[in-house]
Amino acid sequence: MVACRSFVASAVGLVALLALGACSSGSSGDAKTQPTPSPKTSAVTMSPTPSPTPTPPGARLAALAAKGVTASFTATYRLATKAGAGAKVQVYRRGDRFRVGIARGDARSVFLTAPRGLVSCRLQPGHRLCLLVARPGDNPPPLFNPSIQRLFTADLRAFAARHGVRVTNRGSVASARGLPAASCFHVSGKRVDGGVYCLAASGVLRSVQLPSGRLVLLTVHGTPKTRLFIAPLKPTPLPGLK
-16 MVACRSFVAS AVGLVALLAL GACSSGSSGD AKTQPTPSPK TSAVTMSPTP SPTPTPPGAR
44 LAALAAKGVT ASFTATYRLA TKAGAGAKVQ VYRRGDRFRV GIARGDARSV FLTAPRGLVS
104 CRLQPGHRLC LLVARPGDNP PPLFNPSIQR LFTADLRAFA ARHGVRVTNR GSVASARGLP
164 AASCFHVSGK RVDGGVYCLA ASGVLRSVQL PSGRLVLLTV HGTPKTRLFI APLKPTPLPG
224 LK
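In this text, residue positions in the sequence shown follow this note's numbering: the first is -16, and each later residue adds one.
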């Protein structure tokens, strides 16, 4: 758990000593000495500084996710599933545009935002196909909305908006091998993929633990080239797509 520290200022006493010196008369003879009054003490006490109120985990996650929604970066992840099938995941984000590529053996799947809308591609030897699955601003059918791409799009938007999500702290991950430190949260809700999400200060996902598997960041770089958001093949619109 992330520890919260309280800082309390110690009380400071300010003491002033006032003394009156002896005075003598101008006549001859024994001088009469005036009694010296007892020193007077004046003290000022400062009130303790109140402890800062911890930021709720939901608000912390929302702030990080809001950065992730608009972040520009190129990242490589390792995907390990409980079914035993591993994959390499390449993510490109540039503002509100994204591309998610999943490579497993000779087969690759690509999901990206193109000028005409959302495009889903299946690329493997002897079979290459790209489909236009949604117009700009629309949601794709569930069949063409895999959980991997939702982690970087719909889930982050839901976290940022704090709509229907329950959030608790799950500690943090230290920086290592050139990767940024991250804050971790357990998230659940009907409209999100429930699990443990670790986000860097930039909003980039450092890791995600889901019931079906784990996604771990391997490398992260700068802004991707515009050409990466062009579909590898001319997409065919789904039947009935308006």
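For each residue, glycine too, the CB sits at the ideal point set by N, CA and C.
State the Cα-Cα distance for the pair PRO207 and PHE168, rounded to the nearest angstrom.
-> Locating residue 207 in the sequence shown gives position 224, where the first residue counts as 1. Locating residue 168 in the sequence shown gives position 185, where the first residue counts as 1. In a straight line, the C-alpha of PRO207 is about 28 angstroms away from that of PHE168.
Of the listed residues CYS181, LYS217, GLY147, nearest to LYS173 (C-alpha basis) = Position 190 of the sequence shown holds residue 173. The candidate whose alpha carbon is nearest that of LYS173 is GLY147.
Contact check, ALA141 vs VAL116, beta carbons under 8 angstroms | Looking up residue 141 in the sequence shown gives position 158. Looking up residue 116 in the sequence shown gives position 133. No, these two residues do not count as a Cβ contact at 8 angstroms.
Pick from PRO40, PRO37, ALA58, LEU44 that is closest to ALA143, judged by C-alpha positions = Numbered from its first residue, the sequence shown carries residue 143 at position 160. For ALA143, the nearest C-alpha among the options comes from LEU44.
Proximal residues to ALA86 (C-beta, below 7 angstroms), its chain only, five neighbours per side dropped = One-based indexing of the sequence shown puts residue 86 at position 103. ALA70, LYS71, listed in sequence order.
Continuous beta strand (DSSP E) stretch holding SER130: start and end = As a working note, residue 130 is residue 147 in the sequence shown. Taken as a continuous stretch (DSSP letters only), SER130 belongs to no beta strand (DSSP E), being part of the alpha helix (DSSP H) at 130 to 135.
Taking the runs of the beta strand (DSSP E) that are 3 residues or longer, which of them lie wholly in the segment 139 to 208?
-> 149 to 156, 165 to 171, 178 to 183, 188 to 193, 196 to 204
Please classify PRO125: does DSSP put it in a helix, a strand, or coil?
-> For the purposes of this step, residue 125 is taken as the residue at position 142 of the sequence shown. Correct three-state label for PRO125: helix.
When LEU101, GLY100, GLY84, ARG99 are compared against VAL226, the one with the closest alpha-carbon = An answer regarding residue 226 cannot be provided, because it is not within the stretch -16 to 225 covered by the chain.
Whole-angstrom C-beta distance between THR59 and PHE81, which should lie under 8 angstroms = Position 98 of the sequence shown, counted from the first residue, corresponds to residue 81. Position 76 of the sequence shown, counted from the first residue, corresponds to residue 59. With 8 angstroms as the limit, PHE81 and THR59 do not qualify as a contact, their Cβ atoms being about 15 angstroms apart.
Going by CA-CA distance only, name the one from SER155, VAL191, ASP121 that's closest to GLY177.
-> Counting from one through the sequence shown, the residue named residue 177 turns up at place 194. That would be VAL191, whose Cα lies nearest to the Cα of GLY177.
Reduced DSSP category for ALA49 - H, G, I as helix; E, B as strand; rest coil = Numbered from 1 along the sequence shown, position 66 holds the residue referred to as residue 49. DSSP places ALA49 in helix when its eight states are reduced to three.
According to DSSP, what are the bridge partners of PHE212?
-> Counting from one through the sequence shown, the residue named residue 212 turns up at place 229. Note: PHE212 sits in no beta bridge, so no partner.
Residues near ALA68 in its chain [Cβ-Cβ closer than 8 angstroms; skip 5 each side] = Indexing the sequence shown from 1 puts residue 68 at position 85. Excluding positions up to five away in sequence, the list reads ARG87.
For ASP89, collect the residues of the same chain with a Cβ closer than 8 angstroms to its Cβ; drop the 5 residues on either side in sequence, then sort them by chain order.
-> Residue mapping note: residue 89 aligns to position 106 of the sequence shown, counting from 1. Cβ within range, chain order: GLN107, PRO108.
Taking ARG111 as the reference, which of PRO220, PRO222, LEU221, LEU216 has the closest Cα?
-> Position 128 of the sequence shown holds residue 111. Nearest option by C-alpha distance: LEU216.
When we look at the beta-carbon of SER103 and count the other beta-carbons within 10 Å, is it buried (16 or more) or exposed?
-> If you number the sequence shown from 1, residue 103 lands on position 120. So SER103 ends up on the buried side.
Would you tell me roughly how many angstroms separate the C-alpha atoms of ALA42 and PRO35, rounded to the nearest one?
-> Within the sequence shown, numbered from 1, the residue matching residue 42 stands at position 59. Within the sequence shown, numbered from 1, the residue matching residue 35 stands at position 52. For ALA42 and PRO35, the distance between alpha carbons rounds to 15 angstroms.
What's the C-alpha gap between LEU62 and GLY196?
-> Numbered from 1 along the sequence shown, position 79 holds the residue referred to as residue 62. Numbered from 1 along the sequence shown, position 213 holds the residue referred to as residue 196. Distance between the alpha carbons of LEU62 and GLY196 is about 7 angstroms.
Can you tell me the Cα-Cα spacing of ALA(-6) and ASP138, whole angstroms?
-> For the purposes of this step, residue -6 is taken as the residue at position 11 of the sequence shown. For the purposes of this step, residue 138 is taken as the residue at position 155 of the sequence shown. At ALA(-6) the pLDDT is 30, less than 50, meaning the model places this residue with poor confidence and gives no usable figure here.
Which class does ALA63 belong to by DSSP, given the choice of helix, strand or coil?
-> Taking the sequence shown and counting its residues from 1, the one referred to as residue 63 is at position 80. Residue state, collapsed to three classes: strand.
Is THR202 closer than 8 angstroms to PRO40 when the C-beta atoms are compared?
-> For the purposes of this step, residue 40 is identified with residue 57 of the sequence shown, where counting begins at 1. For the purposes of this step, residue 202 is identified with residue 219 of the sequence shown, where counting begins at 1. Cβ distance not < 8 angstroms, so PRO40 and THR202 don't count as in contact.
Mark GLY120 as exposed unless 16 or more other C-beta atoms lie within 10 angstroms of its C-beta, in which case mark it buried.
-> Counting from 1 along the sequence shown, the entry for residue 120 is found at position 137. GLY120 should be labelled exposed.
Count the other CB atoms, across all protein chains shown, that sit within 10 Å of the CB of CYS6; report buried if there are 16 or more and exposed otherwise.
-> Here residue 6 refers to the residue found at position 23 when the sequence shown is read from its first residue. Low per-residue confidence applies at CYS6: pLDDT is 34, beneath 50, and the placement is therefore not dependable, though the value from the model is reported in the following sentence. With fewer than 16 other Cβ atoms within 10 Å, it is exposed.
Report the partner residues of LYS217 according to the DSSP bridge assignment.
-> Here residue 217 corresponds to residue number 234 of the sequence shown, with the count starting at 1. Note: LYS217 sits in no beta bridge, so no partner.
For LEU224, which three-state DSSP category applies?
-> As a working mapping, residue 224 is identified with position 241 in the sequence shown. In this structure, LEU224 counts as coil in the three-state DSSP scheme.
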